[in-house]
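A quick write-up on the structure given underneath.
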Amino acid sequence: MLTQQIAGIMLALTQGVPTSLVSEMTFSLWGLVIFILWTIIVVILLLTVRIRHLAAGGSVKDFATPNDESLLWRLFRVQANLIENLPLYLGVVFLLTVRGVSGTVIDVLIVVYIAFRIIHSLIHIAGLDPKFRLLSLAIQLTCLVTLITSAIF
């Protein structure tokens with residue numbers, strides 16, 4: 016019964032939607048899918064480490080204790096960072112999609128942005144030198160600014 020209700024709601028929502036608003040999967044949309052999937056993977060890793068921590072007798076208080084040596088803390092920060100950055104990328108995807116902006120340059124910028132978003136996370140999880148994260152962040156921001164500029168002009 017719930018499935019039928021959901022199907023009915025979806026049908027009602029899509030009726031009367033101009034086909035010009037229904038687009039194919041673009042690089043920017045695929046980037047969004049990858050971004051979301053990566054965030055889910057990190058959340059699963061964080062939950063796994065938290066459960067192991069508690070099972071080993073650790074305290075819940077340790078979850079909020081800043082400690083760059085702790086995988087638990089680094090995963091928490093990575094997850095928070097992904098959640099903080101998702102709306103920025105989502106906004107760019109929205110503008111690119113609504114404005115119909117696409118092309119090879121846009122596709123390359125999307126791939127570079129998503130790749131360095133994941134690299135940023137991996138550097139943080141591994142506890143590597145924060146300078147590498149900063150470089151990764153600079154590349155990501157350059158991509159976002161270029162994409163938003165492309166969407167506006």
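Just so you know, the sequence shown maps onto residues 16 to 168 in our numbering. Ideal placement from N, C-alpha and C gives every residue a C-beta, glycine not left out.
{"query": "Any idea what DSSP makes of residue 54, helix, strand or coil?", "result": "helix"}
{"query": "Decide if residue 168 is buried, meaning its Cβ has at least 16 other Cβ atoms within 10 Å, or exposed.", "result": "exposed"}
{"query": "If I measure Cβ to Cβ from residue 65 and keep anything under 8 angstroms in the same chain, skipping five residues before and after, which residues do I get?", "result": "78, 87"}
{"query": "Can you list, in chain order, the residues of its chain with a C-beta nearer than 7 angstroms to that of residue 58? Leave out the 5 residues immediately preceding and following it.", "result": "94"}
{"query": "Taking 8 angstroms as the threshold, find out whether the stretch 118 to 130 comes into contact with the stretch 150 to 167 through three or more Cβ pairs.", "result": "yes"}
{"query": "From the DSSP output, in three-state form, read off residue 82 for me.", "result": "coil"}
{"query": "Count the C-beta pairs between the stretch 105 to 116 and the stretch 139 to 151 that are closer than 8 angstroms, then say yes if the count reaches three, no if not.", "result": "no"}
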